[in-house]
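No gaps in the numbering here: position 174 of the sequence shown is 174 in the UniProt record's numbering, and each next residue is one more.
Right, one structure below, let's go through it.
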Amino acid sequence: MSSTVFYNKLDVPRASRESPDRPIELEEESEILKALLDIMYPGTHFNAGVGPSFTFYKSLCMAAKKYDIPAALGLVRSLVPAAGRRFPPILVYGLMYELGWEEEMKVASTQTLGYDLLSTDLELQNQLSLCDRRAVTRLMMFHRSRRVQLIEALNFEDLGNSSFWYSVATCGHLPPALSLKGFLFLSKEMDNCPSGDSLRTRPFFFESKLLEELWTQKCSRINIYCSSNSAIINKEKLISRIVEELDKPPKTI
Ligand SMILES: [Zn+2]
Numbered sequence: 001m002s003s004t005v006f007y008n009k010l011d012v013p014r015a016s017r018e019s020p021d022r023p024i025e026l027e028e029e030s031e032i033l034k035a036l037l038d039i040m041y042p043g044t045h046f047n048a049g050v051g052p053s054f055t056f057y058k059s060l061c062m063a064a065k066k067y068d069i070p071a072a073l074g075l076v077r078s079l080v081p082a083a084g085r086r087f088p089p090i091l092v093y094g095l096m097y098e099l100g101w102e103e104e105m106k107v108a109s110t111q112t113l114g115y116d117l118l119s120t121d122l123e124l125q126n127q128l129s130l131c132d133r134r135a136v137t138r139l140m141m142f143h144r145s146r147r148v149q150l151i152e153a154l155n156f157e158d159l160g161n162s163s164f165w166y167s168v169a170t171c172g173h174l175p176p177a178l179s180l181k182g183f184l185f186l187s188k189e190m191d192n193c194p195s196g197d198s199l200r201t202r203p204f205f206f207e208s209k210l211l212e213e214l215w216t217q218k219c220s221r222i223n224i225y226c227s228s229n230s231a232i233i234n235k236e237k238l239i240s241r242i243v244e245e246l247d248k249p250p251k252t253i
């Protein structure tokens with residue numbers, strides 16, 4: 001038997017006044033113990049997936065770790081992606097942090113990227129309050145790093161030397177200043193949805209009134225020595241370059 005907890009329970013001398021027939025008491029709910037036994041013993045079939053609730057899944061993970069049962073550990077750890085789809089990913093991430101399962105914590109961290117951790121949504125704030133403080137800080141830094149990395153790649157501060165902007169200019173010239181105010185919202189959008197998925201779906205670029213000026217801005221050297229008559233920024237190229245940049249920042253914690 002690999003589980004030292006089970007072993008110690010069974011090995012401990014029973015008090016003399018205690019009847020040897022009295023069952024050894026385990027602290028877990030019977031449904032969790034039943035699930036563990038179903039996982040452990042050949043011939044029985046455990047088919048509950050992640051279980052009916054987050055509390056069930058959490059208890060199963062905790063019990064698998066406490067009793068150190070390889071079959072159960074293997075199963076609950078492999079269920080993390082499914083758990084993150086079924087239950088709030090922030091809770092699953094917090095649980096993996098608590099259990100110290102680093103690889104699974106990374107998987108769950110990716111699943112949190114659809115959420116703005118600073119949102120005032122009460123349910124989301126409640127989920128964060130149930131996680132370890134250090135886990136929350138680490139998650140916030142991870143979300144933030146994705147936004148920072150994207151904004152840095154776009155190099156708004158030095159357009160004239162930015163290979164990014166030259167790669168999307170139609171005539172090879174860049175005016176001293178582009179109308180970039182719409183892109184202030186790009187930063188906000190990365191806060192709202194740090195995965196960047198809302199940017200990948202394009203309405204951001206097509207529907208934003210703030211970007212209209214950028215799409216119509218012409219080259220500032222026209223009439224001097226540039227013969228281009230199109231908008232200075234190639235819209236399709238810009239969108240696909242931004243989507244490329246979205247794939248670069250780390251996707252896990
Ligand atoms: Zn030009």
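Just so it is clear, CB atoms sit at the ideal spot from N, CA and C, and this is done for glycine as well.
- Assignment of Cys61 by DSSP, reduced to helix, strand and coil, places it in the helix class.
- With a beta-carbon spacing of about 5 Å, Gly84 and Ala108 fall inside the 8 Å limit used to define contacts.
- With a cutoff of 7 Å, Ser228 counts as near ligand 1, since its C-beta is closer than that to a heavy atom of the ligand.
- Counting other Cβ atoms within 10 Å of its Cβ, Tyr225 stays below 16 and is therefore classed as exposed.
- Going by DSSP, Asp247 is part of no alpha helix (DSSP H) at all; its letter is neither H nor E.
- Burial is judged here by how many other beta carbons sit within 10 angstroms of a residue's own beta carbon; Gly51 has at least 16 and is buried.
- Across the structure, Phe54 and Thr201 are spaced so that their CA atoms are roughly 31 Å apart.
- Judged by their CB atoms, Gly182 and Leu211 are nearer to each other than the 8 Å cut-off.
- Per the coordinates, the alpha-carbon of Ser145 lies some 14 Å from the alpha-carbon of Leu154.
- In this structure, DSSP gives Ala177 a state outside helix and strand, which the three-state scheme calls coil.
- Each of Arg86, Phe46 and Ile232 was checked against the Cα of Lys218, and the nearest Cα belongs to Ile232.
- Here the region 112-123 lies against the region 189-199, with 3 or more beta-carbon pairs under 8 Å apart.
- The closest heavy atom of ligand 1 lies 7 Å or more from the beta carbon of Arg134.
- Placement of the Cβ of His143 at a distance of 7 Å or more from every heavy atom of ligand 1 is found.
- Shown here, Ile253 sits in coil according to DSSP, grouped into three states, outside any helix or strand.
- Check the Cα spacing between Leu113 and each of Pro175, Cys171 and Arg147: the tightest is with Arg147.
- Between Glu213 and Ser179, the gap from beta carbon to beta carbon is short of 8 Å.
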